[in-house]
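Q: Residues in the sequence shown are numbered consecutively from 0, following numbering that gives the first Met the number 0.
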Amino acid sequence: MNARSSGKLKVTVQGDREIVFTRTFAAPRDLVFDVLTKPEHVRRWWCCMEGFTMPVCEIDLRVGGKWRYVMIAPDGNEVGFRGEYQEIARPTRLVNTEIFEPFPDNPSVVSATLEEKDGVTHYRAVQVHDSQHARDMHVASGMEAGADLCYDRVEEIARELVAR
Numbered sequence: 000m001n002a003r004s005s006g007k008l009k010v011t012v013q014g015d016r017e018i019v020f021t022r023t024f025a026a027p028r029d030l031v032f033d034v035l036t037k038p039e040h041v042r043r044w045w046c047c048m049e050g051f052t053m054p055v056c057e058i059d060l061r062v063g064g065k066w067r068y069v070m071i072a073p074d075g076n077e078v079g080f081r082g083e084y085q086e087i088a089r090p091t092r093l094v095n096t097e098i099f100e101p102f103p104d105n106p107s108v109v110s111a112t113l114e115e116k117d118g119v120t121h122y123r124a125v126q127v128h129d130s131q132h133a134r135d136m137h138v139a140s141g142m143e144a145g146a147d148l149c150y151d152r153v154e155e156i157a158r159e160l161v162a163r
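(1) Determine the burial state of Thr120: buried for a count of at least 16 other Cβ atoms within 10 Å of its Cβ, exposed for fewer.
(2) Please state whether DSSP places Met70 in a helix, a strand or coil.
(3) Quick one: is Ser130 buried, meaning 16 or more other Cβ sit within 10 Å of its Cβ, or exposed?
(4) Whole angstroms is fine: what's the gap from Pro54's alpha carbon to Glu114's?
(5) Determine which residues share a DSSP beta bridge with His167 and list them.
(6) Whose CA, out of Pro38, Met48 and Trp44, lies closest to the CA of Asp59?
(7) If we call anything under 8 Å between Cβ atoms a contact, is Arg152 one with Val12?
Dropping the structure here:
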């Protein structure tokens, strides 16, 4: 465990189409939920790789509401993600679709739960892809290192909010 983080992201595969993300955050659940869902915070953690910018961070946080994030890499390449919220039970559960825009025919559904005990939030997200091939491509993309970095930033931002 490094000094800036309370826990390392754990990524596992389950069944034929699922990726499971688990992580512990040293921050209250309400604040972690806010960091995961408010544009002013999402801009700081989703696009946290060196040299990337995030000109689009749209969130309509309601059931049926849409979200879209676009990052621009240092080489000018655009990377977009979008989806729709299917369930919101603030601050315990969030379910949404996710589409990586270069592969719009391969949507997934992400179901995240947040449980708090003694000011520590236990996060678990299950991402169900439409096929085993799509799931395996996602895993092989190297996304785990980027996701780990992003979740470190989620915790840093939530800790900043605690200190306010």
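All residues carry an ideal CB built from backbone N, CA and C; glycine is no exception.
This one's a predicted model, so the numbers in the text were calculated from it and none came from an experiment.
A: The answer reads as follows:
(1) buried
(2) strand
(3) exposed
(4) Cα atoms of Pro54 and Glu114: separation of roughly 32 Å, rounded to the nearest angstrom.
(5) Here the chain comprises residues numbered 0 to 163, so residue 167 is not present and cannot be evaluated.
(6) Pro38
(7) no
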